[in-house]
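Chains as they are written, first to last, in the working numbering: chain A, 184 to 431; chain B, 37 to 210.
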C-alpha cells in the first residue's frame with residue numbers, strides 16, 4: 184500500500200470500519216511510513232476534538248407538545264379518511280343485507296318441522312303405510328297408541344265431512360309422535376300431535392309445492408297438519424280440528 | 037388508540053436526537069422544528085411499515101429525508117453542491133493553549149455550519165449519533181464506499197474551515 188491509498192483508508196481505519204485485509208495492509212504501511220503515521224495521529228486528535236466539542240441542540244420544550252398536537256390532528260383525520268372510504272359503506276350495506284337475507288330466508292325451526300312433516304306425509308303415501316291402525320272410530324284409534332307413546336294423544340273427529348282413516352306412529356323433531364289421518368272429500372289430511380314440552384309451535388301455514396302444511400298449538404300439544412288440499416280448505420280443517428280438541 | 041400511544045412511547049424519547057439532526061441539517065431553529073414535526077407525522081403515517089428493530093434509526097432516517105425534501109424546496113442554497121475534494125488538506129492543530137475551550141466550541145459550530153449539508157450529515161450521524169458506516173449507507177441509500185469517502189472528505193473540509201480561524205497556524209503549516 185502506498186501513501187495515497189493509505190490516505191483514503193485512514194478515516195475508516197480510525198473509525199474501526201476498515202475490512203480486515205485492508206486493515207492489515209494499512210497497518211503494515213503505517214509501520215514503514217512516519218508521515219502517514221503522523222497523519223493518523225492528527226486525525227485521531229481531530230476526531231476526539233470534534234467528539235469533545237460537538238455542540239448538541241436539545242429539542243425546545245414546546246416542540247414535544249406541537250408534535251403531540253399534530254399527531255392528534257392526524258389521528259382524527261385518519262378516522263375521517265376512513266369514514267370517507269366508499270368501500271366501508273359498501274361493506275356495511277353488504278353485512279346488513281346478508282343479515283336481513285339470513286333473517287328473512289333462513290329456515291326457521293318451525294319450517295324445518297313443517298318440511299319434515301311433509302316428508303313423512305309423502306313417504307307414508309308412497310309406502311302405502313298411511314295407517315298402522317285402520318278405523319273410522321277415535322275410540323279405537325286412541326287406545327291403539329297406549330304403550331306406544333309416552334303421552335296420550337288427543338284423537339278427535341272434527342266434523343261430519345271428515346272421515347277418520349286411522350293412526351300410526353311417526354317421528355318429528357326427533358321424537359315419537361302420533362299421526363292421525365282423515366279423509367275429507369277426496370283429500371287426505373294427516374295430523375301430527377305431540378306434547379309441546381315447553382316449546383309451543385307458533386301458528387303458521389306454508390304452501391310447499393302442491394301441499395299445504397299448518398302448525399298450531401292447543402292445550403299443551405303441538406299440531407302439524409299436512410294435506411294436498413289447497414290452503415283455504417286447509418284453514419277450515421285446522422279451525423275444525425282446533426275447536427274439536429278444545430272441546431275435549 | 038393503542039397504536040397511537042405505542043407510537044409515542046417508541047418515538048418521543050428520540051425527540052432530542054431528531055431535533056439535533058434536523059437542526060444540523062437546516063441550521064435554523066424554526067425550520068428544524070417544522071421538519072421534526074413533519075417527520076413525526078410522516079413516521080406516524082408510515083408506522084404500519086415499521087418493523088420494530090431500531091426506532092431511533094428509523095425515525096432519524098425519516099427526519100433526514102424530510103430535511104432533504106425541505107432543503108430541495110428551499111434550494112437557493114449552494115450547500116448541496118459538493119465541494120472540490122482535491123482542495124489542499126490543512127491539518128489543524130487542535131491543542132494550542134491561547135484559545136479558550138468556549139471559543140473552540142463556537143468555531144467548531146461555525147465551521148460545521150459552513151460545510152455542505154451532505155458532509156455535515158455524515159459528521160453528525162457518525163460523530164454525534166454514533167452510527168456505523170452500514171447504518172449510514174442504508175439511511176442515505178448510498179454504497180458503503182461512498183460513506184467512507186464522504187466522511188473522510190467531510191473531516192478534511194471541516195479542518196479547512198477551522199483553519200480559517202487560525203491564520204497564523206495555517207501560515208506556519210504552509
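Quick reminder that beta carbons are idealized off the backbone N, C-alpha and C, glycines included.
Keep in mind it's a predicted model, so treat the numbers as computed, not measured.
Asked                                                                                                                                    : Found
For residue 61/B, the nearest candidate out of 96/B, 170/B, 138/B, 137/B (CA to CA)                                                      : 96/B
Under 9 Å from the C-beta of residue 48/B: neighbouring residues of chain A                                                              : 247, 250, 251
Within-9 Å CB hit, residue 77/B to chain A                                                                                               : yes
Residue(s) in a DSSP beta bridge with residue 391/A                                                                                      : 394/A
Between the CA atoms of residue 302/A and residue 293/A - distance to the nearest angstrom                                               : 14 Å
Test: residue 257/A CB closer than 9 Å to a CB of chain B                                                                                : yes
Three CB pairs or more closer than 8 Å across the region 261 to 273 of chain A and the region 84 to 95 of chain B                        : no
Between the CA atoms of residue 92/B and residue 54/B - distance to the nearest angstrom                                                 : 8 Å
Span of the alpha helix (DSSP H) around residue 258/A                                                                                    : 244 to 266
Separation of residue 222/A from residue 75/B, as counted between CA atoms                                                               : 40 Å
Residue 283/A burial status per 10 Å Cβ neighbour count (16 or more: buried)                                                             : exposed
Proximity test, Cβ basis, 9 Å: residue 137/B and chain A                                                                                 : yes
9 Å Cβ cutoff, residue 56/B in contact with chain A                                                                                      : yes
Helix, strand or coil at residue 47/B according to DSSP, with G and I counted as helix                                                   : helix
Simplified DSSP state of residue 240/A, which is helix, strand or coil                                                                   : coil
Exposure of residue 272/A, with buried meaning 16 or more beta-carbon neighbours within 10 Å                                             : exposed
Interface flag, residue 375/A vs chain B, CB-CB below 9 Å                                                                                : no
Neighbour flag for residue 196/B against chain A, beta carbons, 9 Å                                                                      : no
Rounded straight-line distance, which links the Cα of residue 157/B to that of residue 110/B                                             : 17 Å
Cβ neighbour criterion (16 or more within 10 Å) applied to residue 434/A                                                                 : In the structure as shown, chain A starts at 184 and stops at 431, and residue 434/A therefore has no counterpart that could be examined.
Chain E contact residues for residue 383/A, given Cβ-Cβ distances below 7 Å                                                              : In the displayed structure, chain E is absent; the protein chains listed are A and B.
Within chain A, the residues that residue 168/B reaches when beta carbons sit closer than 8 Å                                            : 200
Residue 299/A and residue 356/A closer than 9 Å at C-beta                                                                                : yes
Sequence-distant residues of the same chain with beta carbon closer than 6 Å to residue 318/A, five excluded per side                    : 324, 349
Whole-angstrom distance between residue 189/B and residue 117/B, CA atom to CA atom                                                      : At residue 117/B, the pLDDT of 44 sits below 50, so the modelled position is not reliable and the matter cannot be decided from this model.
Spatial distance of residue 374/A from residue 427/A (CA atoms)                                                                          : 13 Å
Residue 353/A: first and last residue of the uninterrupted beta strand (DSSP E) it sits in                                               : 345 to 355
Alpha-carbon spacing of residue 144/B relative to residue 213/A, whole angstroms                                                         : 29 Å
Under 7 Å from the C-beta of residue 164/B: neighbouring residues of chain A                                                             : 237, 239
Contacts around residue 363/A, its chain only, beta-carbon distance under 6 Å, and the 5 residues preceding and following it disregarded : 338, 350, 374
For residue 397/A and residue 388/A, the rounded distance between their alpha carbons                                                    : 4 Å
Inter-residue CB distance, residue 394/A and residue 409/A (contact presumed, cutoff 8 Å)                                                : 6 Å
For residue 64/B, the nearest candidate out of 98/B, 103/B, 49/B (CA to CA)                                                              : 103/B
Same chain, Cβ closer than 6 Å to residue 121/B, neighbours up to 5 away in sequence not counted                                         : Low local confidence applies: a pLDDT of 43 at residue 121/B is under 50, so the model's placement there is unreliable, with the coordinate-based value given in what follows. Counting only Cβ-Cβ distances below 6 Å, and skipping sequence neighbours, we find 189.
Neighbouring residues, chain B, relative to residue 234/A (Cβ below 9 Å)                                                                 : 163, 164
N-terminal and C-terminal residue of the alpha helix (DSSP H) that residue 203/A is part of                                              : 203 to 215
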